[in-house]
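Structure, as structure tokens:
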Amino acid sequence: MLCCMPGVAFVPALLVGWSSAAFIISYAIAVLKGHVEPLVPYISDTGTKPPESGVFGFMINISAILDPAIPVYMGGKNWDREENSSIDELPLKYLCEDW
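Numbered per full-length UniProt numbering, the sequence shown spans residues 1 to 99.
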């Protein structure tokens with residue numbers, strides 16, 4: 001099972017942490033700049049003005065890159081453990097399994 005493999009447990013936690021940080025950092029910047037009220041702002045107002053919109057966009061784009069990279073990385077780790085797989089089976093097998 002991929003989630004129980006040693007050495008890859010940090011990968012899903014990295015994606016969750018990075019995505020959460022995108023929301024928290026952009027909210028903090030918006031509050032510090034005075035663009036939103038500190039208590040219960042409208043969610044759409046927190047990322048409408050620079051610089052928080054740029055920070056939020058950058059961090060969410062990094063999350064979008066990491067999201068498909070995680071199953072590919074974990075699939076490669078799993079494939080390394082399999083002894084009977086040939087190199088020709090790798091792309092089709094993990095493309096169908098992960099997406």
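Glycine included, C-beta positions come from ideal geometry on N, C-alpha and C.
Q) Between F56 and S26, what straight-line distance do the alpha-carbon atoms span, to the nearest angstrom? A) 6 Å
Q: Give every residue of the same chain whose Cβ lies closer than 6 Å to the Cβ of H35, excluding the five residues on either side of it in the sequence, and list them in chain order.
A: K49
Q. For I60, which of P12, F23, A30, I70 has the nearest alpha-carbon?
A. F23
Q: Would you decide whether A30 is buried or exposed? Buried here means 16 or more other CB atoms lie within 10 Å of its CB.
A: buried
Q) What separation, rounded to the nearest whole angstrom, lies between the Cα atoms of L15 and G76? A) 18 Å
Q | C-beta atoms of S53 and S19 nearer than 7 Å | A | no
Q | Burial state of G47 (16 or more Cβ within 10 Å) | A | buried
Q.
Helix, strand or coil for L49? Go by DSSP, reduced to three states.
A. Note on identity: in this sequence residue 49 is Lys, with Leu being the wrong assignment. In this structure, K49 counts as coil in the three-state DSSP scheme.
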